[in-house]
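Peer 1: Could you have a look at this structure, given as structure tokens, before my questions?
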Amino acid sequence: MLGTYLSTSRYDELLQHGRTVSTPLLHFDEEVVTQSYNRAPFLIGHDLTAHPMFSLTSLFALCRRMPVESILYRMGAIPGNADLDTSYDRYRAGLTLDSVLDGFEEHQAYICINNPERDPAYAPLIEGLMGEVASRTHALDPGITWFSTYVFISTRDAVTPYHMDREMNYLLQLQGKKTVYLWDPMDETVMSSREKDHLLAHVGGRPPYSEAIEPLATEWNLTPGLGVHHPFIAPHRVHTGSELSVSLALTFRTRHSDMATDAHRLNARLRGLGLHPRAVGRSEVVDRAKCHVARLGQRVHRGFDALAHRGIDQTA
Ligand SMILES: [Fe+2]
1398 MLGTYLSTSR YDELLQHGRT VSTPLLHFDE EVVTQSYNRA PFLIGHDLTA HPMFSLTSLF
1458 ALCRRMPVES ILYRMGAIPG NADLDTSYDR YRAGLTLDSV LDGFEEHQAY ICINNPERDP
1518 AYAPLIEGLM GEVASRTHAL DPGITWFSTY VFISTRDAVT PYHMDREMNY LLQLQGKKTV
1578 YLWDPMDETV MSSREKDHLL AHVGGRPPYS EAIEPLATEW NLTPGLGVHH PFIAPHRVHT
1638 GSELSVSLAL TFRTRHSDMA TDAHRLNARL RGLGLHPRAV GRSEVVDRAK CHVARLGQRV
1698 HRGFDALAHR GIDQTA
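For the sequence shown, the numbering used here begins at 1398 and goes up steadily by one.
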């Protein structure tokens, strides 16, 4: 399982760190955050560009010592409408991790390091960054419940195909340039309510790209020292420029996004029964009620499962 769940007390510790750190590494415009957080993308600044832990030498050493399943790699240049979930298998092109690390530029490769925060050397730095995120978003969206970070290393002309994730994100550019195309997740022509319900209930694949939505994207040109906020489940596609690129994604969920996720899950169930539930995001009261029903249903389901297992144990 990717990512780390945060207890309330651990969240409070990270928040406290973020509020008291003497030299913050992330720079937010408070007015912009208040106006746009989780509604629209916006730029932030950071001081990680020259950080020694994000040099290629340090990152390649990290790749060699992390569990092999944490390092994903493929060719960089792939179609922008490729399926993200199968892209690492489909576009591996005979590469091995050693061949990628030994001849990264020559192979025009792309690496995704999953959860560098699991490495003891990287944990304090990345948890500190999550504390800074918490300190800036707490007033608007309190309670980060889970986070997961990723380092992307890509040679020129690499593409991360169109997709959406089930969380929020700050994507920070550390080296080279990236163009990030982002779409409004609340726009029904980009993703329908049904598609969002199914996305968050893990029913079928992620909503696909269609050429009709291309003009609806906003374009964000990232250079070292800049990052862009992705609102909850905002679809995106990313293109690397003409030189090597390194970026860090800080992704997270909050109590509120967990509530929305559970409301979408209940909607997906209702749709399975042939019903047409109200779209999530239109009424906070209705969404909260749906979340409670979804969680109650899950508890009842688990209770039945536990009873069934006990029954099996007793008859064994
Ligand atoms: Fe993504």
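All residues carry an ideal CB built from backbone N, CA and C; glycine is no exception.
Hey, S1644 and L1704: beta-carbon distance below 8 Å or not?
Peer 2: no
Peer 1: Kindly confirm or deny that the stretch 1546-1557 and the stretch 1489-1508 touch, where touching means at least three C-beta pairs closer than 8 Å.
Peer 2: yes
Peer 1: DSSP on R1416, reduced to helix/strand/coil?
Peer 2: helix
Peer 1: Once DSSP output is grouped into helix, strand and coil, what is the label at K1574?
Peer 2: Note: K1574 maps to coil in three-state DSSP.
Peer 1: Would you mind stating whether V1530 and Y1567 have Cβ atoms separated by less than 8 Å?
Peer 2: yes
Peer 1: Give every residue of the same chain whose Cβ lies closer than 7 Å to the Cβ of L1667, excluding the five residues on either side of it in the sequence, and list them in chain order.
Peer 2: P1674
Peer 1: For S1406 and Y1547, I'd like the C-alpha separation in whole angstroms.
Peer 2: 24 Å
Peer 1: Quick one: using the 10 Å Cβ neighbour count with 16 as the cut-off for buried, is P1582 buried or exposed?
Peer 2: Residue environment analysis places P1582 among the buried positions, since at least 16 neighbouring C-beta atoms fall within 10 angstroms of its C-beta.
Peer 1: By the 10 Å Cβ neighbour count, where 16 or more other Cβ atoms means buried, how is Y1402 classified, buried or exposed?
Peer 2: exposed
Peer 1: Would you check whether ligand 1 has a heavy atom nearer than 7 Å to the C-beta of D1702?
Peer 2: Taken from the Cβ of D1702, every heavy atom of ligand 1 lies 7 Å or farther away.
Peer 1: Is I1441 near F1425, with beta carbons less than 8 Å apart?
Peer 2: yes
Peer 1: Using only the alpha-carbon positions, how far apart do A1451 and T1658 sit?
Peer 2: It is worth fixing the name first, because residue 1451 is Phe in this sequence and not Ala. Taking the straight line joining both Cα atoms gives about 33 Å.
Peer 1: Kindly indicate which three-state DSSP category G1491 falls into: helix, strand or coil?
Peer 2: coil
Peer 1: If you measure between the beta carbons of S1654 and E1564, is that distance less than 8 Å?
Peer 2: yes
Peer 1: Helix, strand or coil for G1622? Go by DSSP, reduced to three states.
Peer 2: coil
Peer 1: When the Cβ atoms of the stretch 1608-1623 are set against those of the stretch 1511-1522, are three or more pairs found closer than 8 Å?
Peer 2: no
Peer 1: What residue range is occupied by the uninterrupted alpha helix (DSSP H) comprising F1457?
Peer 2: L1453 to R1462
Peer 1: Considering only heavy atoms of ligand 1, does any lie closer than 7 Å to the CB of H1633?
Peer 2: yes
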